[in-house]
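Trainee:
Residue numbers (full-length UniProt numbering): 1 to 301.
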C-alpha cells in the first residue's frame, strides 16, 4: 500500500510539472467486484465496466454500457518510455473488451490531463477521440470587455421560471447530444426539475421572457469536482444555455460574469465546467472567459 501511494505521488508530481492545477495525488481507484487489474511495463490500470441506472441523471451523460479505464503511468526514467507504456496498457484494455469496439450505446472511455500532449498520438492511434473537456478558471480571471449592452437582463432564478428554465436545460442536453457529449434519457426532465429547485441559478430575461439560464454549485455542493484539481476550493458551473435565436448578443457573457462574481465572492479559488470537445462554440466562448482545458475525456464508440 505504501509503495502504491508513493508511486501515485510521484506520477502526480510529474503531471503537475505540466499543469500546477492538477491534483497533488492521483491514485487508481480501489478495485470493486468485476474490475480487471491491468499491469504492463511502466503502467497500471483498472478496467471497470459500468451500466448506469437508466432512471438516473448520470445515464443522460453517458453511454448505457461504459468501459472505463483508470490509468497510471510510472514516472519518467532512463529507458522508460511513457508512450510505449500507455500503448501497451491500451492494448491490454482493448483485449479485455469483447467485442472491440463496443456496440451501440456503448463506449470505451479514458480521462487524461489535457496538457500531457506527449501521449496524444498514442490515444489517437487507438481510435480514441476527445469527447469532453473539463476546463478550469482561476478566481479573478477577467472575461471579455463589454462591447455593447446585453440583449437581456440577468436576475436570480425564481419559482415562476421553473417551466421555462427546465425547457432551456433540456434544450441544452439535446444540443450537447449533437456532439456526442450526452444521451438524453426519458428520465432527464424529472432530474432537471429536481436540480433546478435546489440550484443557485440565474436567468436572462428579455421582453418578459426567460431566454437564458446559468446554474452553478458552490464548493459545498461540488465535492466530486474538487478531486479534479489541487485548488483549495472549487466551484462548478453546471450549465449555461441561451435561446438559439438570441445567441451572439452578449447574453451568455452577462450570465457568466454574474456567476463568476458570485463564485469569486464565495471564496472559490477555481471554477470548473465541462464542455463538448466537438462543440465549435463552447471552447472559444469559455476560453474568452478565462477557462482552459484541465482534463480531456477520450472515447471510442
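All C-beta atoms in this analysis are idealised placements derived from N, C-alpha and C, irrespective of residue type, glycine included.
Thinking residue 213 and residue 169 are a contact (beta carbons under 8 Å), I'd like their distance in whole angstroms, please.
Mentor: Right, the Cβ-Cβ distance comes to about 6 Å (below 8 Å), so this counts as a contact.
Trainee: Give me the Cα-Cα distance between residue 161 and residue 248, rounded to the nearest whole angstrom.
Mentor: So the alpha carbons of these two residues sit roughly 23 Å apart.
Trainee: With DSSP as the reference, please indicate the residues paired to residue 133 in a beta bridge.
Mentor: According to DSSP, residue 133 bridges with 275, 296.
Trainee: Pick from 189, 74, 90, 136: whose alpha carbon is nearest that of residue 19?
Mentor: The shortest Cα separation from residue 19 among 189, 74, 90, 136 belongs to 136.
Trainee: Do you know how far the Cα of residue 222 is from the Cα of residue 153?
Mentor: The straight-line gap from Cα to Cα measures roughly 27 Å.
Trainee: Would you report the Cα separation of residue 245 and residue 105, rounded to the nearest angstrom?
Mentor: Near 31 Å, if we compare the C-alpha coordinates of residue 105 and residue 245.
Trainee: Within the same chain, show all residues whose beta-carbon is closer than 6 Å to that of residue 273, passing over the 5 residues directly before and after it, in chain order.
Mentor: Closer than 6 Å at Cβ, skipping near neighbours: 135, 237.
Trainee: Between the beta-carbon of residue 287 and the beta-carbon of residue 143, is there less than 8 Å?
Mentor: Taking 8 Å as the Cβ cut-off, residue 287 and residue 143 do not qualify as a contacting pair.
Trainee: Checking the sheet assignment: what are the DSSP bridge partners for residue 70?
Mentor: Answer by DSSP bridge pairing, in chain order: 46.
Trainee: With residue 299 and residue 94 assumed to form a contact (beta carbons below 8 Å), what rounded beta-carbon distance in angstroms separates them?
Mentor: Actually they are not in contact, since the Cβ atoms of residue 299 and residue 94 sit about 13 Å apart, beyond 8 Å.
Trainee: Please determine, among 114, 199, 28, the residue with the shortest C-alpha to C-alpha distance to residue 130.
Mentor: The shortest C-alpha separation from residue 130 is found at 114.
Trainee: The beta strand (DSSP E) spanning residue 112 covers which residue range?
Mentor: That run of the beta strand (DSSP E) goes 106-113.
Trainee: Cα separation between residue 309 and residue 69?
Mentor: Residue 309 cannot be examined here, being either before or after the span of the chain that is shown, 1 to 301.
Trainee: Measure the C-alpha to C-alpha separation of residue 240 and residue 123 and round it to an integer number of angstroms.
Mentor: In a straight line, the C-alpha of residue 240 is about 30 Å away from that of residue 123.
Trainee: Alpha carbon to alpha carbon, how far is residue 67 from residue 91? Give it in angstroms, no decimals.
Mentor: Cα to Cα, residue 91 sits roughly 14 Å from residue 67.
Trainee: For residue 122, which three-state DSSP category applies?
Mentor: Correct three-state label for residue 122: helix.
Trainee: DSSP three-state call for residue 100: helix, strand or coil?
Mentor: If DSSP states are grouped into helix, strand and coil, residue 100 belongs with coil.
Trainee: Spatial neighbours of residue 87 within its chain, please: C-beta separation below 7 Å, excluding the five flanking residues on both sides.
Mentor: Hits under 7 Å: 122.
Trainee: Identify the residues that DSSP records as bridge partners of residue 236: which are they?
Mentor: Bridge partners of residue 236: 217, 272.
Trainee: Within the chosen definition, does the region 46-62 reach the region 179-189 through at least 3 CB pairs nearer than 8 Å?
Mentor: In short, these stretches touch, since the Cβ pair count reaches three.
Trainee: How about residue 303 and residue 235: do their beta carbons lie closer than 8 Å?
Mentor: Residue coverage of the chain in this structure runs from 1 to 301, which leaves residue 303 outside it and unanswerable.
Trainee: For residue 147, does the count of other Cβ atoms within 10 angstroms reach 16, so buried, or fall short, so exposed?
Mentor: Exposed.
Trainee: Leaving out five residues before and five after residue 164 in sequence, what residues of the same chain have Cβ atoms less than 6 Å from its Cβ?
Mentor: Same-chain partners within the cutoff: 210.
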